[in-house]
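A short write-up of the structure that comes next.
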Amino acid sequence: MADDTWLVVANGTWPDREVMKALVNNSRQLIVCDGALNRWTPDMKTPTIVIGDFDSVDSSLLARWEGKGAQLLKLQDQDTNDLQKAMAHIESLGAVSSLILGATGGDPAHEIANLLVCGTVSFETRCQSPTHEYLFFKPEVNYSIDSFSGQEFSLFAIEKCLQIVLKGARFPLDDDSLESGSRGLHNQATATNIDLVYQAGRLMMIRALREEGPSEDGNEA
């Protein structure tokens, strides 16, 4: 994981334990939503920040991790969920990219809310589930996305996207626009890299991972 990437952990479905531990322990900047702290085991890295309204975590657990060096950031705003609080906070710190674990799974309403949150921040974001990943791209950036031939992916416009150029796919795009809807469903990579650039809007890619594995489920994302 790049040094300037924040690892953000919410309380949805996590990757299998070994993948989870590796991502957490290799992270340089780690922010954990308070509900996820209930599943944080002693062998996992101490969070840089624990954030939320702290209504779903025991005070003794908060004190334990604070004693290990975690910064506790209590935000009472009831109009935003904990992931939105976390994303807004790291954006205020100048984050340039983030990897999110636990944004999906659990309550479908939380899952949709979390994905919409990811589409509103100004920096690049990737959400990882046990079987899929969700990539949120910035406009006016040339992307070369590692892939493999036959990998299935879908593109969705969170807001209308203009002048999309997509190469290395079964259904390429050449200076096309994409509106919210189903047009970008079920494309396939035809090469080891997918090239993508667009000029305006907000674009999300959902793609299957190479391998599927067991997961650790939380109560909500």
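Be aware that the sequence shown starts at 3, since it is given in the working numbering, and climbs by one per residue.
Yeah, the Cβ is synthetic: ideal placement off N, Cα and C, and Gly gets one too.
Contact between glycine 152 and alanine 90 is absent: CB atoms are separated by about 38 Å, not below the 8 Å threshold.
A check of alpha carbon separations from tryptophan 67 across Phe138, Gln86 and Lys47 identifies Lys47 as the nearest. Bridge pairing for isoleucine 147: Ile196 [DSSP]. According to the DSSP assignment, aspartate 178 belongs to the beta strand (DSSP E) that extends over 175–180. Taking every protein chain shown into account, the CB of lysine 70 has fewer than 16 other CB atoms within 10 angstroms, so this residue is exposed.
Take the alpha-carbon of threonine 43 and the one of alanine 88: they are about 21 Å apart. Here valine 59 has Asp36, Gly37, Leu39 and Asn40 as same chain residues with Cβ atoms under 7 Å from its own Cβ, once five neighbours each way along the sequence are excluded.
Scanning the stretch 39–104 from its first residue to its last, the whole alpha helix (DSSP H) runs of 4-plus residues come out as 61–69 and 84–94.
Judged by DSSP in its simplified three-state form, glutamate 142 adopts coil rather than helix or strand. The stretch 142–152 and the stretch 104–119 do not touch, with fewer than three beta-carbon pairs separated by less than 8 Å. Excluding its 5 nearest sequence neighbours in each direction, arginine 172 has C-beta neighbours in its own chain below 7 Å: Asn189, Gln190 and Thr192, listed in chain order. The alpha-carbon of aspartate 84 is positioned some 12 Å away from that of glycine 14. Under the Cβ criterion (8 Å, minimum of three pairs), the stretch 17–24 does not count as touching the stretch 49–56.
Residue state for valine 119 is assigned as helix, using DSSP reduced to three classes. Leaving aside the five residues that flank alanine 72 on each side, the residues in its chain whose CB is nearer than 6 Å to its CB run, in chain order, Thr48, Pro49 and Val52. In this structure, Asn27 is the residue among Ala65, Asn27, Phe158 and Ser156 with its C-alpha nearest to the C-alpha of aspartate 45. Here DSSP, grouped into helix, strand and coil, assigns arginine 185 to coil. A distance of 9 Å or more separates the beta carbons of leucine 63 and leucine 32. Among the bridge pairs identified by DSSP, methionine 207 is matched with Leu137 and Leu157. Here alanine 65 is exposed. Its C-beta has fewer than 16 other C-beta atoms within 10 Å. Closest by C-alpha distance to serine 94, out of Thr194, Gly54, Ser124 and Ser184, is Ser124.
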